[in-house]
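Trainee:
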């Protein structure tokens with residue numbers, strides 16, 4: 096399994112961020128060819144009780160690196176990337192990984 100992981104810093108306006116993320120970005124992203132599953136985690140605190148350094152994480156799971164790359168190159172993948180940069184370009188860190 097290959098994953099594209101998006102880590103988001105805490106937005107200034109969490110309500111506006113959540114609204115756009117859930118009502119616009121997720122539906123666009125769910126249309127990416129080859130996307131098997133999307134897991135979204137919203138963080139609260141660290142085990143030490145401190146504010147978490149990230150606000151939200153999204154794991155986008157594909158069967159293979161090839162499926163992931165093809166999905167990102169697709170029209171739907173490009174639309175997702177364009178939308179991401181429009182509302183969270185300064186908040187997001189993207190990483191690609193594999194499950195062992």
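Residue numbers (the numbering used here): 96 to 195. Don't be surprised by glycine CBs; every beta carbon is placed ideally from N, CA and C.
1) Going along the chain, which residues of its own chain have a beta-carbon closer than 7 Å to the beta-carbon of residue 146, five neighbours each way excluded?
2) In this structure, how does DSSP classify residue 143 when only helix, strand and coil are distinguished?
3) As a quick exercise: from 119, 164, 105, pick the residue whose alpha carbon is nearest that of residue 97.
4) Is it buried or exposed for residue 192, if we count other Cβ within 10 angstroms and need 16 for buried?
5) On the three-state DSSP scale, how would you describe residue 193?
Mentor: Well, looking at it:
1) 140
2) coil
3) 164
4) exposed
5) Here residue 193 sits in strand by DSSP.
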